[in-house]
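Following: one structure in structure tokens, then a few remarks.
In my numbering, the protein residues as written are 524 to 740.
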């Protein structure tokens, strides 16, 4: 079938959610293929034999792996709302901050969550998030992408939604409003964008996952 789009993923993954948001922004209809990561499908192993993980986008039979790579692919293939800036320098900056999310922010947040808010781990989260707070202050805009969300906003989806669920589930504080007013405001604005809201998993499901995986006995 021409222009057939399938997304292999799991509902609770912030990385899968990135792809959903990009697809929704572009108004692309797609089939979501739910994967069980404890019993990976033959298709997932075929489409992503290197990492064997989600998300995987399959467009007309061609698989694309890794969330940020997929988001850029979506932006290049489908017109409509741009996800990456057109200016070469601004595009490079967006890619830099998107990589920062995966290389610095996500590992720090995961460490803090898995340690139940250990002091040094939380300090590392705050150090990483301060860079984002400063970036929003410099930009003076609603989103990292200005008036509209872009690659950086999409890459930071876990900060806007998953962090809050972890805080509630485990009784820890990673994103205090008094310390990160701009980032907190950005989070509220971002999760209320329709394309984002339609892509997010139920908050109570995430809270339950965090309690089951990281909650103290």
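The beta carbon of each residue, even a glycine, is placed where N, CA and C say it ideally should be.
Quick caveat, the model's predicted, so the values are computed rather than measured.
Whole-number beta carbon distance between residue j and residue i, since they are thought to touch under 8 Å
{"i": "residue 598", "j": "residue 606", "result": "4 Å"}
{"i": "residue 577", "j": "residue 558", "result": "5 Å"}
{"i": "residue 678", "j": "residue 541", "result": "7 Å"}
{"i": "residue 591", "j": "residue 556", "result": "That belief does not hold up - the Cβ atoms of residue 591 and residue 556 are roughly 20 Å apart, past 8 Å."}
{"i": "residue 608", "j": "residue 673", "result": "7 Å"}
{"i": "residue 526", "j": "residue 583", "result": "7 Å"}
{"i": "residue 706", "j": "residue 652", "result": "6 Å"}
Residues bridged to residue i [DSSP beta-bridge criterion]
{"i": "residue 712", "result": "According to DSSP, which records beta bridges pairwise, residue 712 is partnered with nothing at all."}
{"i": "residue 630", "result": "Note: residue 630 sits in no beta bridge, so no partner."}
{"i": "residue 588", "result": "579"}
{"i": "residue 666", "result": "669"}
Pairwise C-alpha distance: residue j and residue i
{"i": "residue 649", "j": "residue 601", "result": "36 Å"}
{"i": "residue 736", "j": "residue 688", "result": "13 Å"}
{"i": "residue 732", "j": "residue 738", "result": "9 Å"}
{"i": "residue 568", "j": "residue 660", "result": "43 Å"}
{"i": "residue 702", "j": "residue 655", "result": "12 Å"}
{"i": "residue 722", "j": "residue 716", "result": "10 Å"}
{"i": "residue 718", "j": "residue 666", "result": "14 Å"}
Same chain, Cβ closer than 6 Å to residue i, neighbours up to 5 away in sequence not counted
{"i": "residue 620", "result": "675"}
{"i": "residue 644", "result": "634, 635, 638"}
{"i": "residue 681", "result": "537"}
{"i": "residue 566", "result": "none"}
{"i": "residue 695", "result": "640"}
Close-in-space but distant-in-sequence residues of the same chain around residue i (CB under 8 Å, 5 per side omitted)
{"i": "residue 740", "result": "Bear in mind that a pLDDT of 46 at residue 740, under 50, signals an unreliable position, so the number given afterwards is only what the model happens to contain. Counting only Cβ-Cβ distances below 8 Å, and skipping sequence neighbours, we find nothing."}
{"i": "residue 662", "result": "669"}
{"i": "residue 690", "result": "696, 697, 698"}
Boundaries (first-last residue) of the alpha helix (DSSP H) holding residue i
{"i": "residue 602", "result": "Element bounds for residue 602: n/a, residue is neither H nor E."}
{"i": "residue 687", "result": "686–693"}
N-terminal and C-terminal residue of the beta strand (DSSP E) that residue i is part of
{"i": "residue 530", "result": "528–532"}
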